[in-house]
Amino acid sequence: MSSNRRNFIKTGGLVLTGIVAGAHMVSGFVPTHSAIIAGGEGDYTLPALGYAYDALEPHIDARTMEIHHTKHHQAYISKLNAAIAKEPELKTKSLDQLLASLKTLPESVRNDIRNHGGGHWNHRFFWTVIGPGNTMPSEKLMAGIINDFGSMEAFKEQFEKKSMSVFGSGWCWLIADAKGKLMISTTSNQDNPLMDIVETKGKPILALDVWEHAYYLNYQNKRADYLKAFWHIVNWQSVNEKFES
Ligand code: MN
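Quick note: to get this note's numbering, add 1072 to the position in the sequence shown (first position is 1).
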């Protein structure tokens, strides 16, 4: 890569597009999400994390973050794009819409959109609810947590217990129903609470990736230690916004 392009990436990350996809690997930091969130306007691309791969150490190591972002997340995106290329009329729908209507999608792509569309949605969301900042739950979120779980400690305990109960690969979620009531749910593989096929639906507020690829390098089989570490890297600012929006 030329030094001009490198300088461009460092100073002009706001216009990051597919042309310089992978720029985060050069600098380790680029400004966060721009127009990548919504579907329906072409191919999906890997969003920048908004923080460096080593920013979450010692809780999540840089190597895990880099592989998770550039290999695992990118693979979901590539396979999602391949699926949508088979049924181009689906490009008019947002990813949220696709996941909420899996039952009615063409059978030829239904599983790929479930697995890889879910994989893209879940990781894109996950990167925003973790981060290096020292943040706190808002008064409003704390009130919700106390109302629905009894206390922050009780919430964390239940969230860890549910996360431990995921057999194999999956996710643990804090979700809100239409009235704002908070619940914890889990999903298998890359399913999520937006999907029409899952048992417990809701608006995701917080998520934890409990696939082994999210923690194995640092924690091996010790998922419980990864769960304890998770509380140090929750971006409560982002979680507050999701709850209050
Ligand atoms: Mn993952």
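Even for Gly, the Cβ is constructed at its ideal location relative to N, Cα and C.
Owing to the predicted nature of the structure, the values given are computational and were not obtained by experimental measurement.
Measure the C-alpha to C-alpha separation of GLU1138 and ASP1297 and round it to an integer number of angstroms. Going by the C-alpha atoms only, they are around 20 Å apart.
Closer than 7 Å: is that where the CB of ALA1286 sits relative to any heavy atom of the ligand MN? yes
Rounded to whole angstroms, what is the Cα-Cα separation between ASP1263 and MET1214? 27 Å
Mind checking whether ASP1268 and LYS1165 have CB atoms under 8 Å apart? no
Have a look at ALA1301 and MET1255 and give me their C-alpha separation to the nearest angstrom. 21 Å
In the DSSP assignment, what are the bridge partners of MET1255? ILE1247
Is there at least one non-hydrogen atom of the ligand MN closer than 7 Å to the beta-carbon of ILE1281? One detail in the question is off: residue 1281 reads as Asp in this sequence, not Ile. At least one heavy atom of the ligand MN is nearer than 7 Å to the Cβ of ASP1281, so yes.
In terms of alpha-carbon separation, which member of LEU1278, HIS1304, ASN1290 lies closest to PHE1315? Closest by alpha carbon: LEU1278.
Given a threshold of 16 other Cβ atoms within 10 Å of its Cβ, counted over all protein chains shown, does ILE1218 qualify as buried or as exposed? exposed
Along the chain, where does the alpha helix (DSSP H) that runs through LEU1213 open and close? 1211-1221
What residues in its chain sit with their C-beta under 7 Å from that of GLN1187, if we drop five residues either side in the sequence? Contrary to the premise, residue 1187 reads as Asn rather than Gln in this sequence. Cβ neighbours of ASN1187 beyond the five flanking positions: ASN1261, GLN1262.
Inter-residue spacing [alpha-carbon to alpha-carbon] between GLY1191 and LYS1158: 18 Å
Reducing DSSP to helix, strand and coil, say where PRO1160 ends up. In the structure shown, PRO1160 sits in a helix (DSSP, three-state: H, G or I).
Can you tell me the Cβ-Cβ gap for TRP1199 and LEU1121, rounded? I've got them flagged as a contact below 8 Å. 5 Å
Cβ pair count under 8 Å reaching 3, the segment 1223-1231 against the segment 1283-1290: The answer is no - the segment 1283-1290 does not touch the segment 1223-1231, with fewer than three Cβ pairs under 8 Å.
Delimiting residues of the alpha helix (DSSP H) encompassing LYS1300: 1295-1302
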